[in-house]
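> Provided herewith is a single structure, encoded as structure tokens, for subsequent inquiry.
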Amino acid sequence: MRIPLHTLLNKIDAQMKSIYETEPGEVRRFEITNGDKDREIQVSGTEEGGLKIEELQDGEWVVNSTSAPRLGESVTEVSKSE
């Protein structure tokens with residue numbers, strides 16, 4: 001089955017919107033669910049306007065390039081602080 005590109009991009013954008021909106025100095029935590037394994041990520045807004053994404057692993061926040069949500073995963077915000 002083929003999915004039109006604009007449909008795919010809209011799905012990704014809708015899931016990632018709250019992550020994209022993280023402001024500099026703000027920290028948000030999200031639960032990511034994909035059916036097999038749940039995980040928690042922490043997103044921090046950097047002063048340069050970028051994002052730092054960390055994944056909770058064995059009780060510690062670890063920077064991991066594969067931590068960002070992927071298509072098909074459910075994203076739920078669990079906390080927000082400034």
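Here full-length UniProt numbering is used: the first residue of the sequence shown is 1, the next is one more, and so on. A virtual CB, placed ideally from N, CA and C, is assigned to each residue, including glycine.
(1) How would you write the range of the beta strand (DSSP E) that SER74 sits in, first residue to last?
(2) Below 7 Å CB to CB, which residues in the same chain sit around GLU47 once its five sequence neighbours on both sides are set aside?
(3) Sort LEU5, LYS52, ARG2 and ARG29 by Cα distance to GLU77 and report the nearest one.
(4) Measure the C-alpha to C-alpha separation of VAL43 and LEU51 and round it to an integer number of angstroms.
(5) Provide the residue(s) that pair with THR33 in DSSP beta bridges, ordered along the chain.
(6) If we call anything under 8 Å between Cβ atoms a contact, is SER81 one with THR33?
(7) If you drop the 5 nearest sequence neighbours on each side, which residues of the same chain put their C-beta closer than 6 Å to that of TRP61?
(8) Taking the C-alpha atoms as reference points, what is the distance between GLU21 and ALA68?
The structure says:
(1) 74 to 81
(2) PRO24
(3) Comparing Cα positions, the closest option is ARG29.
(4) 7 Å
(5) ASP38 and SER74
(6) Cβ atoms of SER81 and THR33: not closer than 8 Å.
(7) Apart from sequence neighbours up to five positions away, the residues of its chain that approach TRP61 with a beta-carbon distance below 6 Å are GLN42 and GLU54, ordered along the chain.
(8) So the alpha carbons of these two residues sit roughly 14 Å apart.
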